[in-house]
Amino acid sequence: MEIGCGNGHFMVEYCRMNPGSLFIGVEIKKKRCLKAKGKIERQKLTNARVIHGTAEAVLELLPDASVDSFHLYFPDPWPKARHRRRRFLRRDNIAILQRKLKIGGFIFFITDYFDYYLHTKVLLLLQAGLELSGQTPSQSVFRSVFARRYAEKGKEVRALAAKKTGEPSG
Ligand SMILES: C[S@@+](CC[C@H](N)C(=O)[O-])C[C@H]1O[C@@H](n2cnc3c(N)ncnc32)[C@H](O)[C@@H]1O
């Protein structure tokens, strides 16, 4: 599942390379969903779905321990201090992602915001039942609209991956 799949660049690339996996992209903006849907249809992919809605609402509908990996690439950084609580990767959402992952499943995250990277790294380290991993997200993500935009500007991007090791006790 990709949270904030935008125009679907990563999703389409991933689905082409992994025909045996079912991929769900969730995107809050309708225009971007339609662009992603167009790409899926043009490439005749049968393993990709786009859901127009908030990731929070979609996650509520998923059974626990049902997802192989969550991909979050360049999620909105909300750089102003007073807006940080709007970031998707907050403590409560990380706990939900952990619960929805299968054991051995991954959260992949890339950002160009050092502060978002650092904060998320700490939250992932503190979340019971997750451990940081050296696994890197697929290179195809670097062709996404936002990845290209940042590469052109020479902005550094940082990646994190966390693996589900078990269920938190208590
Ligand atoms: C900066 S864009 C990155 C898009 C894409 N991942 C890429 O790399 O090109 C972040 C995307 O997340 C979407 N988004 C933000 N909050 C969301 C939420 N709560 N649920 C679903 N999508 C969300 C935005 O509409 C936007 O398309």
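Convert by adding 199 to the 1-based position in the sequence shown; the result is the number in our numbering. Cβ coordinates follow ideal geometry from the N, Cα and C atoms, glycine included. Remember, it's a predicted structure, so these values are computed and weren't measured experimentally.
- When distances are taken from the beta-carbon of Lys-228 to the heavy atoms of ligand 1, the shortest one is below 8 Å.
- When the alpha-carbon of Gly-203 is set against those of Phe-287, Ala-280, Asn-217, Lys-238, the nearest one is in Phe-287.
- Boundaries of the alpha helix (DSSP H) around Leu-233: 229-241.
- For Arg-231, the distance from the CB to the nearest heavy atom of ligand 1 is below 8 Å.
- The criterion of a C-beta distance shorter than 9 Å is satisfied by Pro-278 and Tyr-312.
- Inclusion of Gly-203 in the 8 Å shell around ligand 1 follows from its C-beta lying nearer than that to a non-hydrogen atom of the ligand.
- In the three-state reduction of the DSSP assignment, Lys-352 falls in the coil class, being assigned neither a helical nor a strand state.
- Between Val-225 and Gly-252 a beta carbon distance of about 6 Å is seen, short of the 8 Å cut, so the two are scored as contacting.
- At least one heavy atom of ligand 1 lies less than 8 Å from the C-beta of Asp-275.
- Annotation for Thr-253 indicates a beta carbon within 8 Å of some heavy atom of ligand 1.
- In this structure, DSSP gives Thr-319 a helical state, which the three-state scheme calls helix.
- Nearest in C-alpha terms to Tyr-349, of all of His-282, Ile-309, Gly-365, is Ile-309.
- Checking the 8 Å criterion, the Cβ of Val-211 is out of range of every heavy atom belonging to ligand 1.
- By the Cβ neighbour-count rule, Val-321 is exposed, with fewer than 16 other Cβ atoms within 10 Å of its own.
- By the neighbour-count definition (other C-beta atoms within 10 Å, threshold 16), Glu-212 is a buried residue.
- Ranking Ala-235, Lys-243, Ile-223, Thr-364 by CA distance to the CA of Ile-302 puts Thr-364 first.
- Inter-segment contact for the segment 212-222 and the segment 240-247 is present: three or more beta-carbon pairs are separated by less than 8 Å.
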